[in-house]
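Notes follow the structure.
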Amino acid sequence: MNKYVLLALSFCLSCFLIIFGLPGQSVAIGAITDSILVNTGLSRNVFSILYTCSTITGCFLLLLGGFLVDKIGIRRTTLFALSVCTIIFFALGNTQFLCAKISSSPALRFWFTVTFLYFNLSALRCFGPNMFPMLGRMQIAKTFSKAPGIAIGLSGAFFSIATGYYPSIMRFLSKNENWQNAYKTLGIIGCVALVAFFVLFHDVQPDYTTFVQNPMDSSKYADITSQRKLLRMPIFWGLMSVLCLTSFIGTGMTIHICDIFQKNGIDPITAIKSYKYMGYGIVFAGLLFGHQIDKNRIKACLLMLLFSQFFGLVGLNIAHNTFGLIMYIVGTGCFWGGYGIIRQVVWSKIFKGRNTGSVLSIAYCASTIAGATGVSVLSFVKTLCGSYSYWIYVGESVLLCMIFLTTVKFPKMTRVGPRG
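In structure tokens:
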């Protein structure tokens, strides 16, 4: 088969893989959270704790996923993850049926529902929103190794469109406000995808790569050959502090976005519709951040990421007027567009093309745990204070502090050799 056809096929399948992780993402679950609460009888605080615990468990499972990528390759790991997710979709689609069969006692049914959702969401969080984007972006970065940032930025165009419409799709699939219907449909799609990936998806071979890596660019981090050495580097902790902080704020805000809008006197449907317009910001930010990452302007990317989320939070607090809503949409859209690029590509810039599965899994694990913690913290802040405003003000203040620290003290990734 023509190598350009293989490259195009690999790119398309990788984009689908990235998008297929959305059913377990906060943007999708946030759209059906109220339906889950009504159907299961769980309170918002209980569900928030459940979501946090399952996300943390899924993150630790992701560490095993990173090990699998380095040992058995992207293709086999992808097929395994697709198989697990398909089973989980069907299980979640029959939650109430299975729980009702266990016991007629409301108390026992409650605890079984919590346990059942915990194990299934843990696996879904691991293999869906964490593993799929990591695998898809690794495949793209490996295929287009000369300009991985731009290539992943282009894939972000499809991801942004899907992200913008996915909350509406999830609500549409949840016929009669029953969230289980959405996951039953996704289970059927998973079966079809599993067959397609088994036949068409393969590990990228160097002979088929048209964008060959430039000669090794020298940098003061070029001697990093192990995860242990990386953990000793200031740049690692600088990057992770930014990623964890922004994930903490962004994920917590996304899961409770409908309730935040409602508490501010805005129709929750407006929150769902805003994702469609947010997609344009994600496309723009993906390309911009990708170009900056390829130029090794990591500090500039981190500052743009922090400023984007800051303006998104400012807009969220005044979203009851048009100007505030526009600020929220633009800021949050640019933030999510840049976040995925930075979290994925920056490690290959440090490791210079070496196996990065284990390193990526550490980065995904830490930032996702931070995001899951934000979900529970935000829920309890609302319970104690009766409003989300205090959390938003604190988030804005912490972001300003992080912007200052990044401007002053973030280590530079300077080259010490030829540019190649």
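Per our numbering, the sequence shown starts with residue -6, numbered consecutively.
Note that the Cβ used here is the ideal one computed from N, Cα and C, for glycine as well.
Computed from a predicted model, the values in this text were never measured in an experiment.
Asked                                                                                                                                  : Found
Touching by the beta-carbon criterion (3+ pairs, under 8 Å), the stretch 16 to 25 and the stretch 146 to 163                           : yes
Contacts around residue 126, its chain only, beta-carbon distance under 6 Å, and the 5 residues preceding and following it disregarded : 11 and 14
Euclidean distance between Cα positions of residue 257 and residue 1                                                                   : 45 Å
Proximity below 8 Å, CB of residue 53 to CB of residue 358                                                                             : yes
Residue 79 vs residue 183 beta-carbon contact at 8 Å                                                                                   : yes
Residue 176, buried or exposed, once every other Cβ within 10 Å from all chains shown has been counted against 16                      : buried
Own chain, CB closer than 7 Å to residue 255, minus 5 neighbours either side, in chain order                                           : 261
Where residue 137 falls: helix, strand or coil (DSSP)                                                                                  : strand
Extent of the continuous alpha helix (DSSP H) to which residue 252 belongs                                                             : 250 to 256
Nearest-angstrom Cβ-Cβ length linking residue 145 and residue 337, presumed shorter than 8 Å                                           : 6 Å
Start and end residues, alpha helix (DSSP H) containing residue 113                                                                    : 99 to 118
Element boundaries [alpha helix (DSSP H), containing residue 176]                                                                      : 172 to 193
8 Å Cβ shell around residue 311 - same chain, five flanking residues per side excluded                                                 : 317 and 320
Selected residue, minimal CA-CA separation from residue 296, among 191, 335 and 366                                                    : 335
Selection from 32, 23, 315 and 28 that minimises the alpha carbon distance to residue 93                                               : 32
Residue 289, DSSP secondary structure in three states                                                                                  : coil
Residue 162 - DSSP class collapsed to helix/strand/coil                                                                                : helix
Residue 47 and residue 114 closer than 8 Å at C-beta                                                                                   : yes
First through last residue of the alpha helix (DSSP H) which encompasses residue 95                                                    : 88 to 95
Other residues of its chain near residue 24: CB distance less than 7 Å, five sequence neighbours each side excluded                    : 160, 163, 164 and 265
Residue 289, buried or exposed, once every other Cβ within 10 Å from all chains shown has been counted against 16                      : buried
Cβ neighbour criterion (16 or more within 10 Å) applied to residue 172                                                                 : buried
Own chain partners of residue 253 with C-beta closer than 8 Å, once the 5 adjacent residues on each side are dropped                   : 246, 264, 309 and 381
Euclidean distance between Cα positions of residue 281 and residue 230                                                                 : 24 Å
Distance CB(residue 285)-CB(residue 278) smaller than 8 Å                                                                              : no
Check whether residue 388 and residue 298 have beta carbons under 8 Å apart                                                            : no
Coil, strand or helix - residue 234 by DSSP                                                                                            : helix
Exposure label - residue 122; buried when at least 16 CB within 10 Å                                                                   : buried
When 322, 174 and 51 are compared against residue 301, the one with the closest alpha-carbon                                           : 322
Per-residue burial, residue 397 [other beta carbons within 10 Å of its own, 16 or more giving buried]                                  : exposed
C-beta contact flag for residue 6 and residue 190 at 8 Å                                                                               : yes
Buried versus exposed, by CB contacts within 10 Å (16 or more), residue 207                                                            : For residue 207, the predicted structure reports a pLDDT of 39, less than 50, and the residue's modelled location is therefore unreliable. A value from the coordinates is still provided. Result: exposed.
Contact check, residue 111 vs residue 365, beta carbons under 8 Å                                                                      : no
Cβ neighbour criterion (16 or more within 10 Å) applied to residue 313                                                                 : exposed
Any non-hydrogen atom of the ligand ATP within 7 Å of residue 184 CB                                                                   : By its list of ligands, the structure shown contains no ligand whatsoever, and the ligand ATP lies outside what it can speak to.
Continuous alpha helix (DSSP H) stretch holding residue 73: start and end                                                              : 67 to 85
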